[in-house]
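Novice: According to this note's numbering, the stretch in the sequence shown is residues 17 to 106, in order. Just so it is clear, CB atoms sit at the ideal spot from N, CA and C, and this is done for glycine as well. Nothing here was measured: the structure is a model prediction, and the numbers come from that model.
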Amino acid sequence: MLENLSDIIGILATVIGIITSVGFYLQTFRIIRRKSSADVSVKAFSLFSIGIFTWFVYGISLNNLPLIISNIVALIGTLSVIITYFKYKK
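(1) How many angstroms separate the CA atom of Ser22 from the CA atom of Ala54?
(2) Quick check: the Cα distance between Ile99 and Gly75, rounded to an integer number of angstroms?
(3) Going by DSSP, what residue range makes up the alpha helix (DSSP H) through Asn79?
(4) Using the C-alpha atoms, what's the distance from Glu19 back to Phe102?
(5) Work out the CA separation of Thr30 and Ile85 for me, nearest whole Å.
(6) Fully enclosed by the stretch 36–96, which alpha helix (DSSP H) runs are 4 residues long or longer?
(7) Can you round the beta-carbon distance between Ala90 and Ile68 to whole angstroms, since I take them to be within the 8 Å contact cut?
Pasting the structure below:
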């Protein structure tokens, strides 16, 4: 029973982690749509990336798939914001 509960919590944590990463992708799409990154703080997204990368490495050290998956999705999102920031920087 506890294994099933642990599996359910792991799946839920992965899904919620991915959902919370959607905001990063929305910011990327907004930059592309407006063709401007003037209102984006690249410093903030750089700090997000460092923190997310740290959680990703921690997930690997624990062999914790929910941490690994959700943080890969989040890291790709923050890096996409940073890349589009520099592409559309005026």
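Specialist: To lay it out plainly:
(1) Their Cα atoms are separated by approximately 44 Å.
(2) Distance between the alpha carbons of Ile99 and Gly75 is about 25 Å.
(3) Premise fails: Asn79 is in no alpha helix (DSSP H) and is neither H nor E.
(4) Whole-angstrom Cα-Cα distance: 46 Å.
(5) C-alpha separation (whole angstroms): 7 Å.
(6) Those alpha helix (DSSP H) runs which fall completely within the stretch 36–96 and span 4+ residues are 58–78.
(7) About 5 Å separates the two Cβ atoms, so the contact holds.
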